[in-house]
Amino acid sequence: MSIGKKRSDKRLYFLLILPSATILILTIGYPLINGIILGFHYYRLTDPARGVVFNGLQNFRMLLLGNRIFWISLYRTFLYCLGSTGVSFLFGFLIALLLYGPIRNRSLFRSLFLLPWVIPSTVVALLWLWIFNPQYGILNFLLKDLGLI
Numbered sequence: 069m070s071i072g073k074k075r076s077d078k079r080l081y082f083l084l085i086l087p088s089a090t091i092l093i094l095t096i097g098y099p100l101i102n103g104i105i106l107g108f109h110y111y112r113l114t115d116p117a118r119g120v121v122f123n124g125l126q127n128f129r130m131l132l133l134g135n136r137i138f139w140i141s142l143y144r145t146f147l148y149c150l151g152s153t154g155v156s157f158l159f160g161f162l163i164a165l166l167l168y169g170p171i172r173n174r175s176l177f178r179s180l181f182l183l184p185w186v187i188p189s190t191v192v193a194l195l196w197l198w199i200f201n202p203q204y205g206i207l208n209f210l211l212k213d214l215g216l217i
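Going by the working numbering, the sequence shown opens with residue 69, and the numbers climb by one from there.
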């Protein structure tokens, strides 16, 4: 492959990724940067007449040094995350060991454990079929009511 072909391929790849990257930056990057900027300002929702006032690191100083409830909440959140992750992992691991071993009706149990993964998409498909039903569907009812069909 020639160098010119590699460059044109890279440009094509870049152009194909550009729309997705733009949407990603706008939906994640902008709120993130805006939140960081707002973190350095004082604004009270109950008193909007005061406006937005820059107060530097005062918000963070007040949160980290002057708020004991924040540290208690952070500790409890950490314990909850650690505990729920550990229990979920242990429960899943035990089920995997049981289903891996020689038990009767192993295929049945494996199928039953896949049901929560399969059912939501099936329900969504049935809902769309109901919505678009030409005779009884709600979409046709609304379109007829609006005089569009």
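Beta carbons: idealized from backbone N, C-alpha and C, even for Gly.
Alpha carbon to alpha carbon, how far is residue j from residue i? Give it in angstroms, no decimals.
i, j, result
"P99", "K78", "30 Å"
"T153", "T145", "12 Å"
"D115", "N102", "21 Å"
"T190", "L197", "11 Å"
"I96", "W185", "28 Å"
"R82", "I171", "The residue you asked about is not Arg; residue 82 is Phe in the sequence shown. Rounded to whole angstroms, F82 to I171 spans 52 Å at the Cα level."
"G134", "L150", "26 Å"
"I104", "I85", "27 Å"
"I93", "R75", "25 Å"
"K212", "N201", "13 Å"
"N127", "V192", "45 Å"
Name the DSSP bridge partner or partners of residue i?
i, result
"F122", "H109"
How many whole angstroms separate the CB atoms of residue i and residue j, which I take to be in contact at a CB cut-off of 8 Å?
i, j, result
"R174", "L167", "6 Å"
"I206", "I217", "The Cβ separation is near 13 Å, so there is no contact."
"L131", "F138", "6 Å"
Discussion item. Measuring CB atoms only, is the segment 119 to 131 touching the segment 90 to 110, in the sense that at least three cross pairs come out at less than 8 Å?
Written reply: yes
Practice prompt. Tell me the start and end of each unbroken alpha helix (DSSP H) in the segment 149 to 194 that is at least 4 residues and wholly inside, in chain order.
Written response: The DSSP assignment places no complete run of the alpha helix (DSSP H) inside the segment 149 to 194 (cut-off: 4 residues).
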